[in-house]
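The opening residue of the sequence shown carries number -1 in the numbering used here; numbering runs sequentially from there.
Glycine is no exception: its CB is placed at the ideal position from the N, C-alpha and C atoms.
Here is the structure we will look at, set down as structure tokens.
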Amino acid sequence: MKKKGIAVYPGSFDPVTNGHIDVIKRAIRLFDRVIVAVIENPTKKTLFSVDERMEMLRAVTRGLSGVVVSHFDRLLVDYMKKKKASIIIRGLRAVSDFEYEFQMALTNRKLAPDIETVFLMPAEAYTYLSSSIVKEVVRLNGSVKGFVPRQIEARLIRKLLTK
Ligand code: PNS
């Protein structure tokens, strides 16, 4: 398959999960470059700082050629224009994601008609997975093996369970 252009995969990634990694791997099969763009949003409370979230993403995408990790703090479409990217990647897990994703995709289309959103479905095993669920399980002393890479689980334990 011929690859096409630069895609941006935006999100909170608080923290990155195996579901996100699955989407990144699918995206890089389709596009020359995939910029994983971490939102830096002071109004949304995150467990990890933007630097920590980027560092974790870099660690788990090391070795995936064509993937770069960056961050943004403005309108997504403005960031994309600066990066000369024309495709937004979003993962679509279940019907429950649809309304929010539909609203975002159409808002972005209204703001920038030349930018297209492409939805990728993660592997079935990850359809129920989210960063929020992962944080809750760790907070309550459960194992998140298989949900996130080992190094991310260790970071979560350090952040949530050690004083
Ligand atoms: O992982 P998330 O939290 O679902 O990601 C949401 C994100 C970062 C993709 C979205 O909030 C976003 O693009 N924010 C940037 C501001 C923006 O462009 N808003 C208008 C389009 S909704």
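Heavy atom of the ligand PNS within 7 Å of residue i beta-carbon
i      : result
Gly9   : yes
Met102 : yes
Asn106 : yes
Val34  : no
Val48  : no
Ile37  : yes
Helix, strand or coil at residue i [DSSP, three-state]
i      : result
Ala162 : Residue 162 cannot be examined here, being either before or after the span of the chain that is shown, -1 to 161.
Leu118 : strand
Lys0   : coil
Lys133 : helix
Val142 : coil
Tyr124 : helix
Residue i burial status per 10 Å Cβ neighbour count (16 or more: buried)
i      : result
Asn16  : buried
Gly89  : buried
Ile131 : exposed
Tyr98  : exposed
Unbroken stretches of the beta strand (DSSP E), 3 residues or longer, contained in the stretch 51 to 109 = 65 to 70, 85 to 89
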